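Working notes for the structure below.
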Amino acid sequence: MFLTGQLTKAGAQVKQIRTESKVTLDTSGEVPKVVKITLTTEGEVEGITQEEFQKQAENAKLHCPISALLSAVPEMELASATLK
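And the structure:
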């Protein structure tokens, strides 16, 4: 939702955004811990370049309210952001 809002503010027409997350757990201790979250985003968006889409996806990763909730996770990466 955050990425859609940012793209719309930038003048793009969002048809669809799909984001998947892969969570990596460290189970070596007594309690499993989330150590990494890898995001993959794909979007159908008109009026924007691949480079701008990548930039907006990186911005969403950093500033989305859900990212703030996950700030205790040591690593969060955007593996890819691809326009269809």
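So my numbering is basically just the index in the sequence shown, starting at one, shifted up by 399.
Glycine included, every Cβ here is placed at the ideal spot set by N, Cα and C.
All values derive from a computational prediction rather than experimental measurement.
Own chain partners of residue i with C-beta closer than 7 angstroms, once the 5 adjacent residues on each side are dropped
i	result
Phe452	Gly442, Val444, Ala480 and Leu482
Ala456	Leu402, Thr440, Leu477 and Ala480
Leu469	Ile436 and Met475
Gly410	Gly446
Gly404	none
Cβ shell of residue i (< 6 angstroms), same chain only, five flanking positions each side left out
i	result
Lys435	Thr423 and Glu474
Cα-Cα separation, residue i to residue j
i	j	result
Thr426	Val472	14 angstroms
Gly446	Lys432	40 angstroms
Glu450	Glu429	43 angstroms
Ser420	Ala467	16 angstroms
Ile396	Asn458	For the chain, the structure presents residues 400 to 483; residue 396 sits outside this window and is missing.
Met400	Lys454	16 angstroms
C-beta contact flag for residue i and residue j at 8 angstroms
i	j	result
Leu438	Lys460	yes
Residue of the options minimising C-alpha distance to residue i
i	options	result
Cys463	Gly410, Lys414 and Thr418	Thr418
Lys353	Leu406, Lys421 and Val430	Residue 353 is absent from the model: the chain starts at 400 and stops at 483.
8 angstroms Cβ shell around residue i - same chain, five flanking residues per side excluded
i	result
Gln412	Val444, Glu445 and Gly446
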